[in-house]
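Engineer: Structure incoming, see below.
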Amino acid sequence: MSTERKDFLRRIVEEDLKSGKYSEVVTRFPPEPNGYPHIGHAKAITINFGIARDFGGRCHLRMDDTNPTTEDPVYVEAIKDAVRWLRFQWDGPVRYTSDYFQRLYEYAVELIKMGKAYVDSLSEEEIREYRGTVTTPGKRSVYAQRSVEENLDLFERMRKGEFAEGEHVLRAKIDMASPNMKMRDPLLYRIRHARHYRTGDKWAVYPMYDFAHCLSDYIEGVTHSFCTLEFENNRELYDWILETLKVSPPRPHQYEFARLNLSYTVMSKRKLLELVEKGVVNGWDDPRMPTIAGYRRRGYTPESILAFCDQIGIAKANSLVDVAQLEFCIRDDLNKKVPRVMCVLDPLKVTIDNYDEEESQELEAPYYPHDVPKEGSRKLPFSREIYIDRKDFSENPPKGYYRLTPDQPVRLRYAYIIRCKEVIRDEKGEVAEIVAEYYPDSKSGSDTSGIKVKSAIHWVEANSARRVELRLYDRLFKTEEPKGIEDINPDSLKIVKDALIEPAVIAEKPDERFQFEREGYFYADPVDYSDDAPVFNRIVTLKDSWAKKQKTTKSKPHPKPKTEKKPAQKMQRPSDEAASMGEEEKKLFDYYTRKLGLRSEMASTLARDDVLSSFFKEVLKHHNEPENIAKLVINEVARELKNSQDGRIGFTPAQIAELAEMIESGLISNKIAKQVFEEMAKSEENPRAIVEKRGLVQIADPEILLPIIDEVIASNPGNVKKYKEGNERLFGFFVGQVLKATEGKANPKVVNDLVSSRLEK
RNA sequence: UGGGGUGUCGCCAAGUGGUAAGGCAACUGGUUUUGGUCCAGUCAUUCGGGGGUUCGAGUCCCUCCACCCCAUCCA
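FYI, in our numbering the residues of the first sequence are 381 to 1141.
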């Protein structure tokens, strides 16, 4: 990985590798085998395997199988399939948390011996009560006082299966009053008399996620443990277990990213399961399902899913990705790959009455358009009777209609231009057939007719066409953020039983995915397709700007009202803040405003913060410039204070006073002061010493500055032009360049004046 | 309500004090025997709101607001 922009996880890995924290990156994809993986898993897979690949590391596939009641081998197969289908390869064998049960048990025993874990015999309800709530602390169980020996004995007997489920649990002894609920003596083990699909009846106790996960990561030598946002609160416990057990470094660390949400889709296992169980869809691999198996059956390519995962990025903001982004990815991929063929979804017979009944011919048609660099073609039978799509003919065409009408000829793609002569109706008055004539000299590729048509439509020859079943899939839900079954799109599947397709598709099988020209991308259903009864799934439609235009002209009587800029919300006056101050704070506030003459914003900020306030007063003793000192303390000192975890700061009030003097005297600029600040916080050196050592004295001499400015102006003629054309934001660019050239030492005020006068010329 | 997180275009998302990237969507126009593709172009005077610091703030400080997660013997 070189210099291109990286997501925050890759930056962390890069940093850790550079600093030598780890010599190699090891990640893992750790699903619980209790359901079919979906596109959200694809994101996690791409992240874990992708990062390992990008940094020359390894990625493990681990089944997090600590709950025997929910897991099943069919899911481990589905997960393995999904990873392989996405073209990733896990390092070594598939791993299982259940393989570590013995070691995990030993770690638990160790915790007990350290007095850091105990067997609790409270009931489930009691445990819940004792835990407290998010706002009230919990209280510890009386059983927490059990001796190490008793705990050891009990835990051993739990393991052997001497107790009923729920009778005892093993808990970590941490803090029942922790603000983090996950730290209130979390459960480590519970009794389960269930058969585990791998370990059978060997164990009667099973580790909980929090205990198993960090240790499994550690056992496997994982360095970076990526998971989704909802585990943020679990990180403290993850670290606590590894730290308390004093496992030898290198230790794994957990980082969280936002899980994928897709519009018009549900992603939770529970809701997906409901769809399957209630028969809303036909199983986990129903082409409408967001499962990997579903997309695969629908006809999505692994490349398109990967491209999608790439495009959506990795971040920490909860987001809802537009499904249109996914649709773009599959269209984009298939456009470059698949053969174009003709299939008529809603056949309308056309008899070409000037074409001899006895005659027929074969037309040569390429499988790929001019812009797809692939070779291949097939023969297209042509005769007196053909079928076109019903929507490609209109007796009363709307404005802008390019297709066949009584007055408008059209080209049959790869064949001739035809003209409608007569419309034949059935007893209900509907168009049943069209009688047309063709222009013999308009043959595709050797057209000498001189007739101009607005469009070319697809068609099939009546005798040779094959009847096929088409499954037209649409979004499963009708709302952007569906809650559940109540939001199902009733038209998510339309089955067309008697579409007609050109014979070569069935006979030659040039591919399994096709573009049915002007309709969409289709995939020969891997389960139900047979040569006798071909079935195609619609993967996605083509973009259709005609349909879009129709829709907008039909349903857009009013132009969309431009949303007004929302008016500024209620202003907050500093005096409002003063109102919320306590007695002491108010006194301080008054003192700062009246005696020291500080502005109220500053005064209130100081008055509300003990540490800042006393620091401020200390600095004042060394240098009595309340306003300047207050600014420094409020902005700079406050930052350093926030950034230091332990509340310690690497500088003294006297040093801040010194810094203030240097700024006031013009020795250094504010910009440099910031730099000095950071240096001070780190090195604990005196500001003056830092300035001298690093040569940070401000440059205000035009004699020095002017040549630099001219240089900057000379080397950015484009920006000079833009600036002169009115892009005043660019002013900062020039100043910035000069500052950069002087390593920040130029006096910005002087530079501003100078740049301004130079640019005027 | 305690704690942990997150707010940049309709949807994603870069951005680490010096010109608000990019993709999707949308919208022009061109090419086209697919109303597809492709090509050219348009689309954030502003970053949840308000103050402050600074020559200069999406980035630093203060404050308010909104949303998500945590009280399964699930993961």
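For each residue, glycine too, the CB sits at the ideal point set by N, CA and C.
Name the DSSP bridge partner or partners of H440?
Structural biologist: Here the question's residue 440 lines up with position 60 in the first sequence. Answer is R408.
Engineer: Can you tell me which of the three DSSP states P941 falls into?
Structural biologist: As a first step, residue 941 is located in the first sequence; it is residue number 561 there, counting from the start. For P941, the pLDDT reaches just 39, beneath the cut-off of 50, and the residue's location in the model is therefore unreliable, leaving the point undetermined.
Engineer: Apart from the five residues just before and just after V991, which ones in its own chain have a Cβ nearer than 7 Å to its Cβ?
Structural biologist: Here residue 991 corresponds to residue number 611 of the first sequence, with the count starting at 1. Excluding positions up to five away in sequence, the list reads L1021.
Engineer: Whole angstroms are fine: how far does the CA of K649 sit from the CA of Y510?
Structural biologist: Here the question's residue 510 lines up with position 130 in the first sequence. Here the question's residue 649 lines up with position 269 in the first sequence. So the two alpha carbons sit approximately 30 Å from each other.
Engineer: Buried or exposed: where does I831 fall if 16 or more other Cβ atoms within 10 Å of its Cβ makes it buried?
Structural biologist: Locating residue 831 in the first sequence gives position 451, where the first residue counts as 1. It counts as exposed.
Engineer: Kindly indicate the opening and closing residues of the beta strand (DSSP E) around E817.
Structural biologist: Here residue 817 is taken as the residue at index 437 of the first sequence, counted from 1. Per DSSP, E817 belongs to the beta strand (DSSP E) from V811 to Y818.
Engineer: Can you tell me the Cα-Cα spacing of S955 and G977, whole angstroms?
Structural biologist: Taking the first residue of the first sequence as 1, we reach residue 955 at position 575. Taking the first residue of the first sequence as 1, we reach residue 977 at position 597. Because the pLDDT at S955 is just 42, under 50, the model does not fix this residue reliably, and the point stays unresolved.
Engineer: Count the other CB atoms within 10 Å of the CB of V907; is the residue buried (16 or more) or exposed (fewer)?
Structural biologist: In the first sequence, residue 907 corresponds to position 527, counting from 1. Exposed, because fewer than 16 other Cβ atoms sit within 10 Å of the Cβ of V907.
Engineer: Enumerated in chain order, which unbroken segments of the alpha helix (DSSP H) with a length of 4 residues or greater are wholly contained in the stretch 1072-1126?
Structural biologist: You should have 1082-1094, 1097-1104 and 1110-1121.
Engineer: Cα separation between E882 and V721?
Structural biologist: The count along the first sequence starts at 1 and reaches residue 882 at position 502. The count along the first sequence starts at 1 and reaches residue 721 at position 341. Approximately 7 Å, taken between the alpha carbons.
Engineer: Using three-state DSSP, classify N734 as helix, strand or coil.
Structural biologist: For the purposes of this step, residue 734 is taken as residue 354 along the first sequence, with counting starting at 1. Coil, per DSSP.
Engineer: F380: buried (16+ other C-beta within 10 angstroms of its C-beta) or exposed?
Structural biologist: A query on residue 380 cannot be resolved here, the shown segment of the chain reaching from 381 to 1141 and no further.
Engineer: Alpha carbon to alpha carbon, how far is D806 from K823? Give it in angstroms, no decimals.
Structural biologist: By 1-based counting over the first sequence, the position of residue 823 is 443. By 1-based counting over the first sequence, the position of residue 806 is 426. Rounded to the nearest angstrom, the two C-alpha atoms are 32 Å apart.
Engineer: Which residue from C709, F708 and I692 puts its Cα closest to that of V701?
Structural biologist: Counting from 1 along the first sequence, the entry for residue 701 is found at position 321. Among C709, F708 and I692, the Cα nearest to that of V701 is on I692.
Engineer: Buried or exposed, going by whether 16 or more other CB atoms sit within 10 Å of the CB of V456?
Structural biologist: To locate residue 456, count along the first sequence from 1; it is residue 76. By the 10 Å Cβ count, V456 comes out buried.
Engineer: I507: which of M561, L491, K460 and W470 sits nearest, CA to CA?
Structural biologist: Here residue 507 refers to the residue found at position 127 of the first sequence. Of the candidates M561, L491, K460 and W470, the one whose C-alpha sits nearest the C-alpha of I507 is M561.
Engineer: Where does the unbroken alpha helix (DSSP H) through S403 begin, and where does it stop?
Structural biologist: Locating residue 403 in the first sequence gives position 23, counting from the first residue. It is not in any alpha helix (DSSP H) - S403 carries neither H nor E in the DSSP assignment.
Engineer: Within 10 angstroms of the Cβ of P1097, are there 16 or more other Cβ atoms? Answer buried if so, exposed if not.
Structural biologist: Within the first sequence, the letter at position 717 stands for residue 1097. So P1097 ends up on the exposed side.
Engineer: Leaving out the 5 sequence neighbours to the left and right, which residues in its chain are closer than 6 Å to P417 when beta-carbon positions are compared?
Structural biologist: Here residue 417 refers to the residue found at position 37 of the first sequence. Hits under 6 Å: I459, A462 and I672.
Engineer: I'd like the span of the beta strand (DSSP E) that includes V585, first residue to last.
Structural biologist: Numbered from its first residue, the first sequence carries residue 585 at position 205. First-last of the beta strand (DSSP E) with V585: V585 to P587.
Engineer: Using a Cβ-Cβ cutoff of less than 7 Å, which residues in the same chain neighbour L1134 once the five nearest sequence positions on both sides are dropped?
Structural biologist: The residue you call residue 1134 lines up with position 754 of the first sequence. Excluding positions up to five away in sequence, the list reads P1082, L1085, L1086 and I1089.
Engineer: Count the CB pairs spanning the stretch 472-489 and the stretch 514-522 that are closer than 8 Å, and state whether there are at least three.
Structural biologist: The answer is no - the stretch 514-522 does not touch the stretch 472-489, with fewer than three Cβ pairs under 8 Å.
Engineer: Could you tell me whether the stretch 1033-1044 touches the stretch 1105-1125, using the rule of 3 or more Cβ pairs below 8 Å?
Structural biologist: Touching, no.
Engineer: Just the C-alpha distance for P789 and S757, rounded to the nearest angstrom, thanks.
Structural biologist: By one-based count along the first sequence, residue 789 stands at place 409. By one-based count along the first sequence, residue 757 stands at place 377. Cα to Cα, P789 sits roughly 26 Å from S757.
Engineer: Of all the options R438, V585 and T450, which has the alpha carbon lying nearest to the alpha carbon of G415?
Structural biologist: Position 35 of the first sequence, counted from the first residue, corresponds to residue 415. For G415, the nearest C-alpha among the options comes from T450.
Engineer: Since I believe Y903 is in contact with G679 (beta carbons under 8 Å), could you give me their beta-carbon distance rounded to a whole number of angstroms?
Structural biologist: Taking the first residue of the first sequence as 1, we reach residue 679 at position 299. Taking the first residue of the first sequence as 1, we reach residue 903 at position 523. Correct: roughly 3 Å between the Cβ atoms.
Engineer: Give the C-beta separation of L640 and K423 to the nearest angstrom, bearing in mind that I take them to be a contact with Cβ-Cβ under 8 Å.
Structural biologist: Here residue 640 corresponds to residue number 260 of the first sequence, with the count starting at 1. Here residue 423 corresponds to residue number 43 of the first sequence, with the count starting at 1. Rounded, the Cβ-Cβ distance is 5 Å, consistent with contact.
Engineer: Taking three-plus beta-carbon pairs below 8 Å as touching, is the stretch 696-712 in contact with the stretch 442-449?
Structural biologist: Result no; under three Cβ-Cβ pairs closer than 8 Å.
Engineer: Given W839, which residues of its chain have a CB within under 6 Å of its CB, disregarding the five upstream and five downstream residues?
Structural biologist: As a first step, residue 839 is located in the first sequence; it is residue number 459 there, counting from the start. Answer for W839: I766, I768 and L792, listed in chain order.
Engineer: Mind pulling the beta strand (DSSP E) runs of 3 or more residues that sit fully within the stretch 529-603?
Structural biologist: Listed in chain order, the complete beta strand (DSSP E) runs (minimum 3 residues) inside the stretch 529-603 are 549-552, 567-571 and 585-587.
Engineer: Distance, Cα to Cα, R1109 vs N1099?
Structural biologist: Counted from its first residue, the first sequence places residue 1109 at position 729. Counted from its first residue, the first sequence places residue 1099 at position 719. Roughly 10 Å between the two C-alpha positions.
Engineer: Out of curiosity, what's the CA-to-CA distance linking I621 and S994?
Structural biologist: Mapped onto the first sequence, residue 621 falls at position 241. Mapped onto the first sequence, residue 994 falls at position 614. Rounded to whole angstroms, I621 to S994 spans 39 Å at the Cα level.
Engineer: So for A948, helix, strand or coil by DSSP?
Structural biologist: Position 568 of the first sequence, counted from the start, is the residue given in the question as residue 948. Per-residue confidence for A948 stands at a pLDDT of 41, beneath the threshold of 50, marking its modelled position as unreliable; the derived number appears in the next sentence. Reduced to three states, the DSSP call for A948 is coil.
Engineer: Between which two residues does the alpha helix (DSSP H) holding Q482 run?
Structural biologist: By 1-based counting over the first sequence, the position of residue 482 is 102. First-last of the alpha helix (DSSP H) with Q482: F481 to K493.
Engineer: Quick check on DSSP: helix, strand or coil for H421?
Structural biologist: Here the question's residue 421 lines up with position 41 in the first sequence. Helix, per DSSP.
Engineer: In or out: L850 buried (at least 16 other Cβ within 10 Å) or exposed?
Structural biologist: Within the first sequence, numbered from 1, the residue matching residue 850 stands at position 470. Counting Cβ neighbours within 10 Å, L850 comes out buried, since at least 16 surround it.
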